[in-house]
Amino acid sequence: PPAVGSLALKALSVGDQLQSDIVGGHKADQYRWPWMVAIFVKEKNPHNAGDTKANFTCGGTLIHHQWVLTAAHCVQCLHAKQIRVHVGIYKRDDPRNETKVKYFSQHEAYAHGIQRNDIALLKLSQPVNDVRLVTLSKASDVFSSDIECHVAGWGNTKQDGCPLKARFGNSCPVSHDVCIQGDSGGPLMCPTKNKNRPWVQLGIVNQADGCGEKPSIFANATYYRRWIAEKVGVVP
Numbered sequence: 283p284p285a286v287g288s289l290a291l292k293a294l295s296v297g298d299q300l301q302s303d304i305v306g307g308h309k310a311d312q313y314r315w316p317w318m319v320a321i322f323v324k325e326k327n328p329h330n331a332g333d334t335k336a337n338f339t340c341g342g343t344l345i346h347h348q349w350v351l352t353a354a355h356c357v358q359c360l361h362a363k364q365i366r367v368h369v370g371i372y373k374r375d376d377p378r379n380e381t382k383v384k385y386f387s388q389h390e391a392y393a394h395g396i397q398r399n400d401i402a403l404l405k406l407s408q409p410v411n412d413v414r415l416v417t418l419s420k421a422s423d424v425f426s427s428d429i430e431c432h433v434a435g436w437g438n439t440k441q442d443g444c445p446l447k448a449r450f451g452n453s454c455p456v457s458h459d460v461c462i463q464g465d466s467g468g469p470l471m472c473p474t475k476n477k478n479r480p481w482v483q484l485g486i487v488n489q490a491d492g493c494g495e496k497p498s499i500f501a502n503a504t505y506y507r508r509w510i511a512e513k514v515g516v517v518p
């Protein structure tokens with residue numbers, strides 16, 4: 283399968299509205315990536331047992347009407363009943379289309395701390411039938427070396443003085459100048475010439491350490507197609 287790390291990531295697209303958003307990103311078109319989901323975790327208030335607040339934790343993608351693909355570390359040490367998934371939204375805090383999670387599966391060989399097999403699937407409590415699904419890249423897909431791929435999510439647009447820069451010029455080194463603070467679990471997507479699958483997901487954001495500190499790390503979604511098929515029952 284193609285190595286995710288070899289792709290030229292030139293553009294970041296996001297948001298508080300899929301909006302001022304990922305570091306180095308820009309406001310995303312509202313209907314461009316409908317399969318994007320926002321994952322929230324409900325946590326009890328230690329000062330008020332009756333107060334349970336849901337906090338945004340990660341991004342993810344709808345790969346099946348009842349399955350969400352994300353990173354394993356996003357659900358580490360959680361119980362399914364704590365997780366809420368917002369599907370088909372543009373603004374991160376949009377309360378519509380909130381769905382509970384029946385259960386989730388982390389990769390059996392997931393190694394916390396070293397980003398190995400950092401992939402998980404969330405089974406929703408009920409299917410979502412009115413939202414378009416993303417397609418996973420196949421091993422047979424061929425991409426040019428200058429392809430413009432995208433990361434989308436609801437992260438931060440700036441961090442500790444790191445300026446918001448245009449990502450479409452030639453002044454953006456690929457490896458260390460891609461800043462994706464706060465969008466773990468979100469997708470790395472690339473366009474295709476196939477009208478039936480205009481976008482495919484190649485990767486899952488595993489690590490995004492801020493501006494210029496470390497390279498961003500993606501799990502190769504193509505590599506995990508068989509594992510995903512075993513869990514979901516079909517290949518997305």
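Using the numbering used here, read the sequence shown as starting at 283 and increasing by one per residue.
Using N, Cα and C, we set each Cβ at its ideal position, and we do this for glycine too.
The structure displayed is predicted, hence computed values, not measured ones.
CA nearest to the CA of residue i, picked from the options
| i | options | result |
| --- | --- | --- |
| K513 | E380, Y385 and L415 | Y385 |
| K324 | W317, A402 and R366 | R366 |
| Y506 | L470, C431, P473 and S419 | S419 |
| A336 | M318, H346 and K382 | K382 |
| A501 | L351, P316 and A320 | L351 |
| H361 | V413, K405 and A511 | K405 |
| Q397 | T334, A511 and N488 | N488 |
| W481 | A393, C359, K363 and I429 | I429 |
| S281 | A421, N379 and C340 | Only positions 283 to 518 of the chain appear in the structure, and residue 281 is not among them; the question remains open. |
| Q358 | W315, T339 and Q348 | T339 |
Distance, residue j Cα to residue i Cα
| i | j | result |
| --- | --- | --- |
| V424 | T343 | 22 angstroms |
| A503 | N411 | 23 angstroms |
| V416 | H355 | 21 angstroms |
| S427 | C472 | 12 angstroms |
| Q388 | I486 | 14 angstroms |
| A511 | I345 | 11 angstroms |
| G515 | I321 | 23 angstroms |
| R314 | A391 | 34 angstroms |
| N476 | V413 | 20 angstroms |
Exposure label - residue i; buried when at least 16 CB within 10 Å
| i | result |
| --- | --- |
| G467 | buried |
| D303 | Residue confidence is low: D303 scores 39 on pLDDT, short of 50, so the model does not pin down where it sits. Its coordinate-derived value is still stated next. By the neighbour-count rule (16 or more Cβ atoms within 10 Å), D303 is buried. |
| A393 | exposed |
Beta-carbon separation (whole angstroms), residue i vs residue j, contact threshold 8 angstroms
| i | j | result |
| --- | --- | --- |
| C431 | L470 | 6 angstroms |
| D465 | W436 | 7 angstroms |
Item checked: Secondary structure, beta strand (DSSP E): runs of 3+ residues fully inside the region 348-407 -> 349-352, 365-369, 380-388 and 402-406
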